[in-house]
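All remarks here apply to the structure that follows.
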Amino acid sequence: MKGNCLCGAVSFELSGVLPLIYQCHCSLCRQVSGSSSNSALIIKESQFKWCTGEHQIKSFSTHSGFKSEFCSQCGSPVPNMSSSGESYWVPAGLLTEAVDTKVAAHVYVGSHANWDVGFVNDGVPQFETMPSEQDWLALSGK
Numbered sequence: 030m031k032g033n034c035l036c037g038a039v040s041f042e043l044s045g046v047l048p049l050i051y052q053c054h055c056s057l058c059r060q061v062s063g064s065s066s067n068s069a070l071i072i073k074e075s076q077f078k079w080c081t082g083e084h085q086i087k088s089f090s091t092h093s094g095f096k097s098e099f100c101s102q103c104g105s106p107v108p109n110m111s112s113s114g115e116s117y118w119v120p121a122g123l124l125t126e127a128v129d130t131k132v133a134a135h136v137y138v139g140s141h142a143n144w145d146v147g148f149v150n151d152g153v154p155q156f157e158t159m160p161s162e163q164d165w166l167a168l169s170g171k
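The opening residue of the sequence shown carries number 30 in the numbering used here; numbering runs sequentially from there.
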């Protein structure tokens, strides 16, 4: 599975079975995405490979530790490594091929924008904050 930013300067490839997608409704993800939520997946470091443009990536961190990385040419958010170094956060909208996975959870629904109500009755599990590892495993059937 391949992906890239809007201008194509930054590209990457994912291998193996894709994990489930989540949509985060927190205020930080809304600001980074410019939308009601941020759709993303978390993939193991061993399943991720940069193809081009890694030198084009700029980073911004808040005082709380929230990190956003983006293409310096077009501003698209791009994958970034977790603080543990074991996984990458990957914006689902950057994937260039059809995705054989689904939205498995809405997270940080307690801080969703008051106008963001489209997800409320979609039948997808909702979490006030980030689900525990046990909850994630249950969602993925493991």
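Note that beta-carbon positions come from the ideal geometry of N, C-alpha and C, so glycine has one too.
Does DSSP put residue i in a helix, in a strand, or in coil?
i	result
Glu-126	coil
Ser-116	strand
Val-61	helix
Ser-88	strand
Gln-102	coil
Counting C-beta neighbours from all protein chains within 10 Å, is the total for residue i 16 or more, i.e. buried, or is it exposed?
i	result
Gln-60	exposed
Cys-80	exposed
Phe-156	buried
For chain B, is any of its Cβ atoms less than 8 Å away from the one on residue i?
i	result
Glu-115	Reference to chain B is not applicable here, since this structure consists of a single protein chain.
Leaving out the 5 sequence neighbours to the left and right, which residues in its chain are closer than 8 Å to residue i when beta-carbon positions are compared?
i	result
Thr-158	Val-136, Tyr-137, Gly-139
Sort the options by Cα distance to residue i and report the nearest one.
i	options	result
Ile-72	Gln-52, Pro-48, Val-128	Pro-48
His-92	Pro-154, Met-30, Leu-57	Leu-57
Pro-120	Val-46, Cys-53, Ser-90, Ser-113	Cys-53
Gln-86	Gly-114, Ser-40, Ser-65	The sequence given here has Ile at residue 86, not Gln. Nearest of Gly-114, Ser-40, Ser-65 to Ile-86, Cα basis: Ser-40.
Could you name the residues of the same chain whose beta carbon sits closer than 6 Å to that of residue i, not counting the 5 residues immediately before and after it, in chain order?
i	result
Ser-88	Glu-98
Tyr-117	Ile-72, Phe-77, Pro-108, Met-110
Cys-103	Cys-34, Leu-35, Cys-36
By the DSSP assignment, the beta strand (DSSP E) with residue i in it spans what residues?
i	result
Gly-32	31-33
Thr-81	77-81
Asn-143	Counting along the chain, Asn-143 falls outside any beta strand (DSSP E), and DSSP gives it neither H nor E.
Asn-67	67-73
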